[in-house]
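One rule links them: number in our numbering = place in the sequence shown (from 1) + 1318.
Beta carbons: idealized from backbone N, C-alpha and C, even for Gly.
Have a look at the structure below, then the notes.
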Amino acid sequence: MKDVVRKGNSYRADIDGLRAIAVLSVVIFHIDKNILPGGFVGVDIFFVISGYLISLYIFQQIDRKTFSITEFYRRRIKRIAPAMLAVLIVVIPLSQLILLPDDAKNVAESGIWSLLSMANIYFYSSQDLGYFASTMNEKPLLHFWSLGVEEQFYIIWPIILLFLYRGKYSSLFLYSLIFISLLSFCSAQYFFDVSPSFVYYMLPTRAGELLIGSIVAYLINQPIRKEYSYSVLNSMSLLGFILIILSLNVISKDSVFPGFICLLPTMGTAFIIFSGHYGTNSLNRYLTFKPLVNIGLISYSTYLWHWPVIAFFRYGLFEQTWLVNIILFCITLVLGWLSFRFIEQPFRYSTLSTKRLFIKLYLVPGASITLLALLFYSLDGYGVRWFSPQYQTKLTSINTDVKAAYHYKYVCQRSRIDIKDIENTHCILGNETNNESGSTTPQIILIGDSNAAHYVGMIGAFAKEQGFSFRNLQISACPPVKNSIKQYVNIKHFKNCRDSLKLLWQYLEQFRVIIISASWLSYQLKSDGFLVDFYQTVKQLIKQGKQVILIGKAPIISSYNQSCLSRSLSFPFVNCYKPSILMDKNISSINLSLKTFSVENENVDYFDANDFICRNKNCSAFSLNGEAIYFDKSHLSIPGSWKLGREIIKYEGVPYPFNVLNEL
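Take a look at the structure:
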């Protein structure tokens, strides 16, 4: 074999092989993230490839003085629009048939944003959840965020190059590309703690990946050297392969991503593209393996179709076995091939003028889809079900109990509390006059986070039976501790939590009994020092003469889905009444710690209702008479909380320590 491998300009089959690795990684990750925890970096591999191909085309066209921005956009429309529109034409109407109205309405809305190349902006601005949140797994157009990033780049980048790129080698231009790319990565790293969703979805923090591809294109188009030794190119490709493999297995949804760690897959891709340009090396031969290249050719369509297939399947709450996963994988590849063969290819070679192409391939179908989406949106996501009173009646009946605690007027759970919340009389439940003076101001308060809010009904039932009243005031995702809270709180909740707690601790002075519950385990998992800090807080309250009642963590029923009964109207074969599960050992352990603390300290009592939720250590989201008492897998519903309270009273009366609160 020759020691020197020279530059070539032929079709890069190895890039299609690289595309195959990217799309297979993404598909496998989305089917089962446990198989390939970093599979989502396949999108980042795509970004580098796109940046390379687009920039190389523009550089070469400008050098030849043949670049036309209208022709560039014409090529982009032919490449992107047909398959994308086909997916939207199928997904939006199908969503109206099988998704719940609110979810179907969101699909219609996200479809319109996708047509405007702004899906990433939509998912960042309208969804209060990150990309990896479990509920995002069921949004059929979520994957369009990456198209939004690429399309925004395609709009901006050629215009920038028209003004800044010069044909002859310019170190200043190259250094500018490198600087801006690094600035993008640094911004992603720095702003991750401030807004991880912005960092994940938006072009400024993703541009660095596309620009790495542009840097490779520039180095190839304006080579510093004309030739490289085989050993150098082989080592470069091998290093690139190692970086990508490392990324797929080491990076996970818990990583600070994108950020500096994103350099692993992007630089790995850059090394492979650069070395492959100069000829055949060891890795290049594997990347040009025919089946791999064929998957690379259909990678765009495969990417477009894979997520709706998986999202719709998951929406039906069907069990994902290994056999089902294989079937989902095969369906994705088949749809990808069909889309490539009958949609992508026929339109890719269209000879229509730019104007006619824009009208026929984008404007007319895009406007039609928009009108259809607006119609579905105006029907509140019901679609044809708008004309089915029976469906609407059943859905309304099912959804009556399926509301988060904070939706109830008398449950005062807030992301940030203020004086109005403290003075809100709706936050008081139980006996209207519970002390000697006849004042309606209670001396008992329930505080904590959402895991305190979901006990409002249960304690309310005790209060009505026993004759006491209490106020409730909870701060979402905020630990009830007086010491530093930063290590226990998500950065986006920190300021609200800190300011709310400052107000709350001052307000507690007027209460004699303080009932506290929280997501104890969640905070303890974030930092081992949580219980120590919490116990110090309780001891401070005791020194102030307070009586403290701690309520343990309710079981997490991982198999329970609050919208299952609603979804069963469209998926009639779904079994919503899942079997009971064993109590989580970590929850039992932390509840035992709380109980032990109460025994060891005067004026501290402990209670949990887990003996009624878990019978013979088997925990269920349903009461003894088969009624759902959970809102989601870790929270009681408020109606369920009332039912639980009444059930406890029925079988054992008002339990200690709540049976003595009427003496206040």
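For residue i: DSSP bridge partner residues
i: ASN1288; result: The first residue shown for the chain is 1319 and the last is 1982, placing residue 1288 beyond what the model contains.
i: ALA1946; result: PHE1940
i: LEU1764; result: ASN1790, ILE1833
i: VAL1866; result: ILE1832, VAL1922
i: LEU1954; result: TYR1948
i: ILE1363; result: Answer is none; ILE1363 lacks a bridge partner.
i: ARG1933; result: ASN1936
i: ARG1382; result: ARG1382 pairs with nothing; no bridge assigned.
i: GLN1731; result: GLN1792
i: LEU1900; result: ASN1936
Classification of residue i by the beta-carbon crowding that lies within 10 angstroms, buried from 16 upward
i: ASN1752; result: Confidence at ASN1752 is low in this model, with a pLDDT of 43, below 50, so the placement of that residue is unreliable and no value is reported for it.
i: TYR1493; result: exposed
i: ASN1438; result: buried
i: GLY1870; result: buried
i: THR1620; result: buried
i: TRP1640; result: exposed
i: ASP1767; result: buried
i: LYS1813; result: exposed
i: ASP1926; result: buried
i: PHE1578; result: exposed
i: PHE1441; result: buried
i: GLY1335; result: buried
i: TYR1974; result: exposed
i: ARG1666; result: exposed
i: HIS1811; result: buried
i: PHE1949; result: buried
i: ILE1478; result: exposed
i: LEU1900; result: exposed
Start-to-end residues for the alpha helix (DSSP H) that takes in residue i
i: GLY1778; result: 1774-1784
i: GLN1638; result: Careful: GLN1638 lies outside any alpha helix (DSSP H) and carries neither H nor E.
i: ARG1394; result: 1387-1416
i: GLU1427; result: 1419-1433
i: GLN1540; result: GLN1540 -> no alpha helix (DSSP H), and no H or E assigned at all.
i: TYR1508; result: 1489-1509
i: ALA1872; result: Counting along the chain, ALA1872 falls outside any alpha helix (DSSP H), and DSSP gives it neither H nor E.
i: ASN1893; result: Careful: ASN1893 lies outside any alpha helix (DSSP H) and carries neither H nor E.
i: GLY1466; result: 1462-1482
i: LYS1457; result: No alpha helix (DSSP H) holds LYS1457; DSSP gives it neither H nor E.
i: VAL1344; result: 1331-1349
i: ASP1817; result: 1809-1825
i: SER1686; result: 1682-1696
i: PHE1852; result: 1848-1861
i: ILE1838; result: This sequence places Trp at residue 1838; Ile is not what is there. Start and end: 1838-1844.
i: THR1711; result: 1707-1717
i: PHE1516; result: 1514-1519
i: ARG1603; result: 1600-1605
i: LEU1614; result: In the sequence as presented, Leu is not what sits at residue 1614; that position holds Gly. Run containing GLY1614: 1608-1615, per the alpha helix (DSSP H) assignment.
i: LEU1582; result: 1581-1595
Distance cut-off 7 Å: residue i Cβ against heavy atoms of the ligand GDP
i: TYR1709; result: Questions concerning the ligand GDP fall outside what the structure shown contains, since it holds no ligand whatsoever.
Integer-rounded CB distance, given that residue j should sit under 8 Å from residue i
i: TYR1825; j: ILE1931; result: Actually they do not touch by this definition, with Cβ atoms about 31 Å apart.
i: TRP1623; j: SER1593; result: Not a contact, Cβ separation roughly 32 Å.
i: PRO1873; j: ALA1836; result: Not quite, the Cβ-Cβ distance comes to about 15 Å (not below 8 Å), so this is no contact.
i: ASP1851; j: VAL1799; result: 5 Å
i: ALA1422; j: SER1413; result: 5 Å
i: VAL1627; j: ILE1613; result: With a Cβ gap of about 16 Å, VAL1627 and ILE1613 do not count as contacting.
i: LEU1300; j: ILE1533; result: Residue 1300 lies beyond the range of the chain shown here (1319 to 1982); nothing can be said about it.
i: VAL1467; j: PHE1510; result: That belief does not hold up - the Cβ atoms of VAL1467 and PHE1510 are roughly 17 Å apart, past 8 Å.
i: ILE1353; j: ILE1346; result: 6 Å
i: LEU1557; j: LEU1582; result: Not confirmed; about 11 Å, so no contact.
i: THR1672; j: THR1388; result: 5 Å
i: ILE1349; j: ASN1599; result: That belief does not hold up - the Cβ atoms of ILE1349 and ASN1599 are roughly 32 Å apart, past 8 Å.
Residue i, enclosing beta strand (DSSP E) - first and last residue
i: LEU1747; result: 1746-1748
The stretch 1583-1600 / the stretch 1426-1446 touching (three or more Cβ pairs under 8 Å): no
Cβ contact check for the stretch 1330-1341 and the stretch 1603-1614: 3 or more pairs under 8 Å: yes
Contact the stretch 1726-1735 vs the stretch 1814-1821: 3+ CB pairs below 8 Å: yes
Segment contact flag, the stretch 1883-1895 with the stretch 1779-1795, C-beta cutoff 8 Å, min 3 pairs: no
Any 3 or more C-beta pairs closer than 8 Å across the stretch 1364-1378 and the stretch 1516-1532: yes
The stretch 1925-1944 in contact with the stretch 1964-1972 per 3-pair CB rule at 8 Å: The stretch 1925-1944, when compared against the stretch 1964-1972, does touch it at the 8 Å Cβ threshold.
contact_flag[the stretch 1388-1399, the stretch 1546-1557] where n(CB pairs < 8 Å) is 3 or more: no
Validate contact between the stretch 1800-1808 and the stretch 1701-1715 using beta carbons, cut 8 Å, 3 pairs: no
The stretch 1949-1958 / the stretch 1759-1766 touching (three or more Cβ pairs under 8 Å): no
Stretch pair the stretch 1356-1363 + the stretch 1631-1640: three plus CB contacts closer than 8 Å: no
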